[in-house]
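The sequence shown stops at residue 625 when you use this note's numbering, and every number in between is there.
The structure appears below as structure tokens.
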Amino acid sequence: MTEQLRLMAVHAHPDDESSKGAATMAKYVSEGVDVLVVTCTGGERGSILNPKLQGDPYIEEHIHEVRRKEMDEAREILGVKQEWLGFVDSGLPEGDPLPPLPDGCFALHDVEAAAEPLVKLIRKFKPQVITTYDENGGYPHPDHIMTHKITMVAFEAAGDPAKYPEAGEPWQPQKLYYNQGFNKPRTIALHEALLERGMESPYGEWLERWKQFERRERTLTTYIPCADFFEIRDKALIAHATQIDPDGGWFRVPMDIQREVWPTEEYELAKSLVDTSLPEDDLFAGIRNN
């Protein structure tokens, strides 16, 4: 295939792109693939998760601007392009019963209407491959679930000239994947590798919670070898300083163990308009040679 390869990653908030599939994106950028991150919301209602920055009045008052700057830095580190869809963060409701979502937030928009700006971007960027979240959002944040919904609508509609006629010339992406980086096989493998080496594992509580919630195991179809880009992934995530503690559990597995035990990032092939054989080691399998 001589045509430029293009990958679009659709995410809910700034920082999601750096915690889900970042090493994959950096790998493809290094190979000359054009990669675009689409960020649905500004993360305006996100909590400050880094204890070192909690209580900073400037950050609390200007969280939207701070997170936009963090996204700029992460984008540069990953070498990707990035676009904002412009929706407002819905926040993560807590309590029993759950409180209503705030007026005007992303998750309360009509799905068909909210998909239009994404259709416009697909038709403009012309990706052959799109990645996003599964129907549970990866975890049930209302913005992640809404991101899934609009991406599914946009994938189907982008190539249909009868849909969204004002959104540009039709373009049909060929494959759609769900990010599945937080999967049980990977977690168990890293957990056991740490214990075997006499080290403390940050994954014990995760695995206990998995048992409690009895989550359905997803089908992992695609394993992207990207261990050489794990450091870039971590650097991009740390750029989202309000959202991650650089001394927290996320970074407790030594890099050499990660590369040895689990050197891939995983995906679930949700839709394909080209022939491919599973498992895959390339998001563009079936496309490169067509």
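We put the beta carbon where it would ideally sit given N, CA and C, even for glycine.
- In chain order, Thr556, Thr557 and Tyr558 place their CB closer than 7 Å to the CB of Pro614, counting only its own chain and leaving out the 5 sequence neighbours on each side.
- The shortest CA-to-CA distance from Glu603 to any of Gly356, Leu340 and Ala562 is the one to Gly356.
- According to the DSSP assignment, Tyr393 belongs to the alpha helix (DSSP H) that extends over Pro392 to Glu396.
- In the three-state scheme derived from DSSP, where H, G and I count as helix and E and B as strand, Val373 is classed as strand.
- Taking Val464 as reference, the option from Thr482, Gln339, Thr554 and Glu504 with the minimal CA-CA separation is Gln339.
- Listed in chain order, the non-local C-beta contacts of Ala358 below 6 Å within the same chain comprise Cys561, Phe564, Phe565, Arg568 and Glu600, local neighbours out to five positions each way being set aside.
- Here Pro349 is buried. Its C-beta has 16 or more other C-beta atoms within 10 Å.
- Taken in chain order, the unbroken stretches of alpha helix (DSSP H) that lie wholly in the segment 495-551 and span 4 residues or more are 519-531 and 539-548.
- For Leu342, the enclosing beta strand (DSSP E) has its first and last residue at Arg341 to His346.
- Annotated three-state conformation of Tyr558 is strand, per DSSP.
- With fewer than 16 neighbouring CB atoms inside 10 Å of its own CB, Tyr393 falls in the exposed class.
- Runs of the beta strand (DSSP E) lying entirely within the segment 444-488, each at least 3 residues long, are 464-467 in chain order.
- Rounded to the nearest angstrom, the Cβ distance from Lys546 to Trp506 is 44 Å, too far for a contact under 8 Å.
- For Gly584, the three-state secondary structure derived from DSSP is helix.
- The C-beta separation of Leu413 from Ala361 comes to about 5 Å, placing the pair in contact by the 8 Å criterion.
- When the Cα atoms are used, Leu608 and Lys510 turn out to be separated by approximately 6 Å.
- For a cut-off of 8 Å, the C-beta gap from Met343 to Ile485 is around 13 Å, too long to register as a contact.
- The alpha-carbon separation between Glu540 and Ile523 amounts to approximately 12 Å.
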